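Below: one structure, written as structure tokens.
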Amino acid sequence: MIKLKKNVTLNNSSDSDLVELAGYQAYIINENTRIITVNDSKYRVLNTKEDRNTGLNAHTVMNLNTENEVTVVFVGTDATQIEDIKTDFFLLSDTNVPQLEAARLYYEEMDKKYGVDSVTGNSLGGALANRVGVEYPEVRTVTYNPALLPKHQVEADKEYDNITNYFGEYDVLTGSLISLGLDDRIPGAKHEIHNGIPSGAGPFGTVASNHTGYLRDTNGQYYEIRSEGGPGSGKIYIDADEHIVTSIWTGQPLYGGDNHLIDITPGTLEVLANGLENSVISRLAKVKDYLGNAMEIIVAERAKRKKRITIMQEAFDDIVVEEIGDAIFGDITWMGNMLKAELRYWHSVLNQVEQKAQYLNLLLNSPPVEVLEYLTKKDINVSSLIAEARRQLNNIENKIDELTEQFRYIITEIIPKLLHEGFQFGTEQWYDTVVEEMNAHFSIVETNIEKLHQQINLFKRQVQETANQFSETDLSIADAITNKQDITSNPSIAPLSERTTLETSPYLKRTMFIKELQLDVSFHFIKVKVNNLIFPFVHLLHQLALAVENTLETLSATVKMAPHLYFTVSLPGKFISSFTNFDEKVQDAVNNVTGPIDTLASRVEGLRDGLYRFKLRIPVILDRFRPYIEHALFDNNRYNEVYLYNHAALALLKETDILFDDINTQLAKEKAKAIDELLLNGEDIDKNNTLLKEQVELGTLY
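Residues in the sequence shown are numbered consecutively from 0, following numbering that gives the first Met the number 0.
Encoded structure:
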């Protein structure tokens, strides 16, 4: 056992054990369970309680690795048990809750039988444990994400020194209680620990595990990223007890700022050297693993730049055609050949109209009609209208060429720019802003984590060497006393190392919001380009199609007027139609001309409708295209994975910060020159860890 200054001794019970008992073991122990393993300790299950009347579920266990310490473990909410649900509801009120009273009675029974040293629980079980802790201040109480107690059972201004509550960083339920200002109904000390996974940040359902601190999976306490394999595949560990930061020397939690000071001796320096391996270097190894996986994802995404652009181009093409909803626009974004083929057909129909109109003109220029023209002073001439329609079709064809040219420009020139438009870093011109900036930033982070890892390994060796030198000095002093020689008490100073300087990063100052910012800029960019380059041509083509329709209507009306003009209005025409079938020949010729005209007019109307839909649907096309830009900037799933890895790494660096705060505090109380050198190195490590922590934090959404 470590000796502390002021003759303080420490209980061997572990908060980490109690948290695992509360959040994991409590839910899987059953009446057949005899021995359980919690971290490095074996526990015997002494008693299991299941009270169906009040809903109380609890276990009593004995730590076989200590001096038979006994702990009562209260089980959290069972959603299938109506009494638990009722209890959770009543805890929000200020009424007496039967399950709380049942918990007190169970504790008293177990204490009388075994002598209970501590109680623990999670959620509802945490409230039950705190109920006992409030009434029995001699009982050590540790909870994880506890429910609150009824208001009348907690004194707001009272310090409950025997109660410690741990809150998971991402627990929605506890966070809600705090945001509502109800956490004053949770008695005792409250400490946040950095475990779990941000809710909604990935494909995992994390609400339950964030609340209990564990998965109910015996295969391991981790979420697996890309279980199918591939760049960045790995595991993020979430077990709550592993994230409780404890003193390297005492094993006591490092929260609250009232940690006991230790005597720096060769023995405690040995403990520090070993503890650096177990508590710091092991954490840093996980940080390297998490950040290495994140970097793998970034590098893989970087290699897919051309593919991401191609997917955007194809998506834009498909969306345009789908929104227009007409087959003749099938390749409008590239060559427009289908539309041009339709126009060639229109020209052929117009040629038919012209040919049939020539026969009609022969009839209208025959002697009977020549007499009628002379008498009525009326003449039917459609050649000019046909020529006008042909000219308009040629205009449409030319504008289609210009429209497809603009589409090709959008697809081949503008869409690739969406990956970088609007952002430039100094003199560097990146063509894949989000990916390149993340790559640049995390390349620096990878170098820095390696430097910090080496620095801590060197610090560990220096601590070990200092311990050895202290031991040698103690032996030399003992020998001098024995031999009645002069005493030399100054131990040699641990070798001075060069200060390690981490590289600063000028990148990712906009944190992971860089993708959202780039998306907004890129979307605005293509929106402006489409509205400036595409919309005017679509509008003009719509107007030209409308003009062709008008010309064809005029042509059809003019042709249809011939029989009425010559054979219905004038008396000579009526006379001719009464005694000959000439009017029927003219009518047949008129029908032969107007049939193709009407067909052509119908096809032109279809084109005009498609162009009108196109005009109206341009905003919809752009809105539908936006997610493809977002996905191309950095695959959404992979981006979330980078975010999760960075969060996991950040949590460990925050914990390392707490550890070195304690290490440096302990070293600072000693006056030996060798310890002063260790303190300088420890403070330098702490400074570098803080810089690295800030750099990793830029890879999150804080």
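C-beta atoms are modelled at their ideal positions from N, C-alpha and C, and glycine is treated no differently.
Given the structure is predicted, the values throughout are model-derived calculations rather than measurements.
*Please state if the CB of Val381 and the CB of Val558 are separated by a distance shorter than 7 Å.*
yes
*In terms of residue numbering, what span does the alpha helix (DSSP H) encompassing Leu678 cover?*
672-696
_Local conformation of Val115 per DSSP, three classes_ = coil
*Residue burial classification, Ser226 (beta-carbon count within 10 angstroms, cutoff 16)*: exposed
_Element boundaries [beta strand (DSSP E), containing Ser703]_ = Beyond the ends of the chain as shown, which are 0 and 701, falls residue 703; an answer cannot be given.
*Pick helix, strand or coil for Glu19, following the three-state DSSP scheme.*
helix
*asked:* In this structure, how does DSSP classify Met334 when only helix, strand and coil are distinguished?
replied: coil
*What did DSSP end up calling Tyr408 once you bin it into helix, strand or coil?*
helix
*asked:* Please classify Gly180 as buried or exposed, where buried requires at least 16 neighbouring CB atoms within 10 angstroms.
replied: exposed
*Can you give me the start and stop residues for the alpha helix (DSSP H) that Val740 sits inside?*
Nothing about residue 740 can be reported from this structure: the residues present for the chain run from 0 to 701 only.
*Closest by C-alpha distance to Asp661, when choosing among Ile261, Glu134, Gly605, Lys41*: Ile261
*Curious, which full-length beta strand (DSSP E) runs of at least 3 residues does the segment 497-571 contain?*
none
*Alpha carbon of Ile185 to alpha carbon of Gly212, nearest angstrom*: 18 Å
_According to DSSP, simplified to helix, strand and coil, what is Asn62?_
strand
*Give every residue of the same chain whose Cβ lies closer than 6 Å to the Cβ of Phe613, excluding the five residues on either side of it in the sequence, and list them in chain order.*
Ile323, Val537
*Look up Tyr236 in the DSSP assignment and say whether it is helix, strand or coil.*
strand
*Is any heavy atom in the ligand ATP found nearer than 6 Å to the beta carbon of Arg407?*
For the structure depicted, the ligand ATP is absent and the ligand set is empty, with no information on it obtainable.
*Secondary structure at Ile35, three-state DSSP: helix, strand or coil?*
strand
*What are the boundary residues of the alpha helix (DSSP H) that includes Glu640?*
635-667
*Is the CB of Pro415 under 7 Å away from at least one CB in chain D?*
Protein chains in the displayed structure number just one, and chain D is not present.
_Quick test of the definition: if touching needs 3 or more C-beta pairs under 8 Å, does the segment 688-698 touch the segment 436-456?_
yes
_If contact is defined by three or more beta carbon pairs under 8 Å, each pair taking one atom from either stretch, is the segment 262-269 in contact with the segment 451-459?_
no
*Thinking C-beta only, is Ile162 closer than 7 Å to Gly187?*
yes
*Please state if the CB of Ala102 and the CB of Arg139 are separated by a distance shorter than 7 Å.*
no
_Are the CB atoms of Leu621 and Lys526 within a distance shorter than 7 Å?_
yes
*asked:* Would the segment 97-111 count as touching the segment 49-59 if we require 3 or more Cβ pairs under 8 Å?
replied: yes
*Exposed or buried, Lys376, counting other C-beta atoms within 10 Å across all chains shown (16 or more means buried)?*
For Lys376, the pLDDT reaches just 40, beneath the cut-off of 50, and the residue's location in the model is therefore unreliable, leaving the point undetermined.
*asked:* Does Val71 come out as helix, strand or coil in the three-state DSSP assignment?
replied: strand
*Can you pull the DSSP bridge partners for Tyr221?*
Tyr236
*asked:* What does the Cβ neighbour count give for Gln24, buried or exposed, with the cut at 16 atoms within 10 Å?
replied: buried
*From the DSSP output, in three-state form, read off Val141 for me.*
strand
*Three CB pairs or more closer than 8 Å across the segment 272-291 and the segment 240-254*: yes
*Using alpha carbons as the reference points, say which of Phe203, Thr332, Glu552, Val298 lies closest to Val592.*
Glu552
*Determine the contact status of Leu554 and Arg607, defining contact as a CB-CB distance below 7 Å.*
no
*Return the Cβ separation of Val69 and His58 in integer angstroms, given the expectation that the two are a contact with Cβ distance under 8 Å.*
At roughly 11 Å, the Cβ-Cβ gap does not stay under 8 Å, so Val69 and His58 are not in contact.
*Roughly how many angstroms lie between the CA atoms of Asp308 and Leu700, to the nearest whole one?*
First, the amino acid is wrong: residue 308 is Ile here, not Asp. Near 26 Å, if we compare the C-alpha coordinates of Leu700 and Ile308.
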